[in-house]
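Here's the structure we're looking at; comments come further down.
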Amino acid sequence: VLLITLFAFGLRLFRLGFYSLRGDEAFDVLFARQSLAEILAQLRHVQIYPPLFHTGLHFWLRVAGSNEIALRFWAAVCATLAVPVVYVLGKQLFNRQVGLGSAVLMAANPFAQWWGQDMHFYAYLLATSGLVYVAALRFWKGGSHSSLPQIARRYAVPYVLLALLGLLTHYFVCFTWGALNLVALAQTVRQRWDRNLLYGWWGAQGMLLLLYLPWLIAAFVLTTTYTEPWIRFAPPGEMLWRTVIAFTTGYATRPGSVFPPIVPLVAGGGGLLFLTGLGLAWRRANLRPSLFLVLTLLLSPLFVIYGASFRRPMYDEKLVIFLLPLFVVVLAVAIVEVSRYRRWAGWLLMLGILLAMGYADYTHLFDTRFAKSPAWREMAAYVRNKAERGDVFIYNNPDPAPFFYIEDTIPAVLLPSSHELSAVQIGDEVEETIAPYRRVWLTPLVEASWDAHGDVQTWLDRHADRIGQIFFRGTHILLYLTPATWQAMMTPQKVQLADGVQLVGFRIASGEGQPAGDERTFHPGETLYLRLYWRSGGPTQTPYTVFSQLLGPDGRLYAQWDNPPVQGSYPTTGWKAGETIVDAYNLLIAPDAPPGSYQLWVGMYNLSTGERLPVLDDTGHPAGDHIVLNATITLKEK
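Each residue of the sequence shown is one higher than the last, beginning at 10 in this note's numbering.
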């Protein structure tokens with residue numbers, strides 16, 4: 010058992026800090042950084058968590074800091090602790106062989122592995138529930154034919170302390186406690202316990218409730234009214250199916266993942282093995298009481314969760330991780346019982362399920378498609394290296410992970426400030442927020458519950474000047490010049506066109522982010538980055554297309570890019586009066602372009618007819634069909 014536990018601990022520690030913190034983990038850190046008074050006040054009225062986890066984390070942060078390995082260390086310890094705990098549980102319920110098999114399966118279990126490398130408290134829920142199961146079974150077995158003082162000292166005190174520890178860590182330990190007391194109630198009604206055990210057990214429950222009551226009263230309103238919008242109602246069949254998938258292969262083969270065809274095979278195999286264990290063990294009369302006990306502890310919480318979900322959905326695979334020790338024990342029973350009939354078959358079953366679990370562990374550890382979070386840490390390092398004075402970071406999703414990694418670099422702002430704002434209100438908020446800054450970093454995360462239509466990026470694309478876009482695993486970041494910045498950098502050139510359209514200026518660069526100027530030197534095959542700045546007199550009747558052309562000394566066309574404004578995303582028929590629109594064009598210069606002086610021509614035309622929008626003179630009369638930008642472009646040979 011020690012070797013199995015050490016192997017599990019090594020597996021939990023392996024690449025523990027490889028992935029960035031995900032949102033829940035980042036929230037835990039930011040939340041625990043507050044004062045104890047603030048933490049407890051919010052836990053009572055805002056956040057649906059018991060007090061022990063975040064108060065403990067508050068002190069751990071002072072000791073160990075906020076790096077990923079330190080933050081996830083105790084989760085790894087708890088997921089490792091589940092291995093000897095499940096060994097004891099299997100041994101208590103059945104025999105030593107089942108205990109050893111359970112320990113091996115828990116050590117390799119991908120669901121325990123995944124949460125053992127995540128600082129959010131599900132590994133704690135797994136460990137504390139397992140300890141409560143063990144303490145209760147020890148209570149029931151050792152309490153028989155013992156005096157009340159012995160029961161209190163040897164069994165009641167450890168049980169009450171462990172149960173209290175669990176309940177103060179995660180509210181779902183109450184399902185473990187409730188299932189155990191359902192069994193105890195049945196034993197009481199059937200008069201299967203002697204008087205001392207009866208008094209000792211129910212006296213321990215009274216003591217536990219008395220100790221837990223102060224917190225229960227303090228957080229009663231929140232715990233009875235709180236809902237999670239991301240949890241949807243799950244019918245019984247789906248609950249069982251998803252639980253089997255999670256408990257056998259974790260998140261590696263859940264429906265909709267990278268390898269959906271393997272889902273029915275692996276999950277079905279896990280379910281079949283589960284049923285095989287039940288069937289074979291049920292044939293042995295001496296195992297039936299233990300099996301009945303396991304099934305009661307396993308199914309009764311699911312039944313209660315299903316019933317309660319009609320009022321408030323509360324099923325999710327991770328929330329029932331407290332059932333994993335029982336599930337693993339039954340898998341071990343299946344293997345042991347099969348091996349009693351055919352030893353080779355038992356080994357084959359163990360090998361098969363370990364291979365499935367090993368595959369899932371491999372995908373969790375090495376396949377970035379299963380990464381628990383985008384590369385926030387790498388993104389923040391890039392911003393930290395490239396940031397300048399006057400920069401601001403905007404994230405348009407209340408995921409706290411980007412803020413956690415970026416907070417010490419540049420000011421960070423969540424926009425929109427509320428999910429209830431309209432697109433116009435969001436635009437006003439963005440404009441007001443970025444006004445004091447020179448540049449804006451944006452990590453765009455379209456989320457149905459927040460900036461559902463990407464209105465923050467839409468406003469920036471239309472009115473700020475995007476000068477960079479960098480991709481990371483699972484995310485990307487955009488860099489913009491604020492209106493005040495690009496207005497100072499642009500070359501002014503006011504030209505009025507028909508239909509209320511006006512060109513107010515332009516900017517030319519040899520690379521994205523390069524400064525503006527009136528003269529540029531390029532080489533054939535290079536890209537000329539052109540920004541046009543339009544002012545709208547209001548929506549036009551016709552959706553015009555913008556043309557941008559580079560003409561050589563011989564009058565020929567050597568680069569061109571036509572599209573409706575803002576990469577086709579903002580047609581002139583939707584323009585608002587008085588707004589200024591930033592319009593980007595990247596002109597790839599032909600490789601055979603000769604050296605010499607070039608001109609840039611721009612304008613607009615009706616795509617349906619090809620008719621160009623007239624350029625007006627100072628008197629408002631048509632004076633041409635294109636604008637020659639006030640810039641000299643010089644091409645030289647490479």
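Just so it is clear, CB atoms sit at the ideal spot from N, CA and C, and this is done for glycine as well.
Rounded to whole angstroms, the gap between the alpha carbons of Phe413 and Gly32 is 9 angstroms. The C-alpha of Gly110 lies about 8 angstroms from the C-alpha of Val338. In the DSSP assignment, Ser545 falls within the unbroken beta strand (DSSP E) covering Thr536 to Ser545.
The three-state reading of DSSP puts Asp37 in helix, counting H, G and I together. Apart from sequence neighbours up to five positions away, the residues of its chain that approach Ser458 with a beta-carbon distance below 7 angstroms are Pro238 and His428, ordered along the chain.
Annotated as proximal: Leu307 and Leu335, with beta-carbon spacing under 8 angstroms.
Close CB contacts of Thr582 within its chain, under the 8 angstroms cut and outside five residues either way in sequence, are with Pro548, Thr549, Gln550, Thr551 and Pro552 (chain order).
Three or more beta-carbon pairs separated by less than 8 angstroms are not found between the segment 142 to 162 and the segment 353 to 360, which leaves the two stretches without contact. For Asp474, the uninterrupted beta strand (DSSP E) segment begins and ends at Asp474 to Phe481. Assigned with DSSP and collapsed to three states, Phe319 falls in coil, not helix or strand. Of the other Cβ atoms in all chains shown, 16 or more fall within 10 Å of the Cβ of Trp468; this residue is therefore buried. Straight across, the Cα-Cα distance linking Ser299 with Val198 is about 19 angstroms. Ile435 is not a Cβ neighbour of Pro420, given a cutoff of 8 angstroms. For Ser431, the closest alpha carbon among the candidates His462, Arg448 and Ile415 is that of His462. With a 10 Å radius around the Cβ and a threshold of 16 neighbouring Cβ atoms, Leu102 comes out buried. Rounded to whole angstroms, Glu77 and Gly215 show a C-alpha spacing of 40 angstroms. Counting along the chain, His485 sits inside the beta strand (DSSP E) bounded by residues Thr484 to Leu490. Ranked by how close their Cα comes to the Cα of Val624, the residues Trp224, Gly633 and Ile344 have Gly633 in first place. Within the DSSP bridge table, the entry for Ile590 names Trp543 as partners. Under the 8 angstroms Cβ criterion, the segment 87 to 102 does not count as touching the segment 58 to 68, having fewer than three qualifying pairs. The straight-line gap separating the alpha-carbon atoms of Ala255 and Thr484 is approximately 26 angstroms.
Taking the Cα of Tyr208 as reference, the smallest distance to any Cα among Ser519, Ser153, Ile598 and Lys647 is reached at Ser153. Judged by DSSP secondary structure, Tyr553 falls within the beta strand (DSSP E) whose first and last residues are Tyr553 to Leu560. Runs of the alpha helix (DSSP H) spanning 4 or more residues and lying entirely within the segment 90 to 167 occur at 105 to 117, 119 to 125 and 131 to 152, in chain order. Cβ contact annotation for Arg482 (same chain, cutoff 8 angstroms, sequence separation greater than five): Thr377, Ala380, Pro383, Ala384 and Glu387, in chain order.
Considering only Leu134, Arg349 and Leu80, the residue with the shortest C-alpha distance to Arg293 is Arg349. Straight through space, the alpha carbons of Thr89 and Glu247 are spaced by roughly 29 angstroms. The Cβ atoms of Leu559 and Leu596 sit closer than 8 angstroms to each other. Contact annotation: the segment 166 to 173 touches the segment 137 to 155, with at least three C-beta pairs closer than 8 angstroms. Taking the C-beta atoms as reference points, Tyr404 is found no nearer than 8 angstroms to Leu374. When C-beta atoms of the segment 570 to 585 are compared with those of the segment 598 to 611, fewer than three pairs fall below 8 angstroms, so the two segments do not count as touching.
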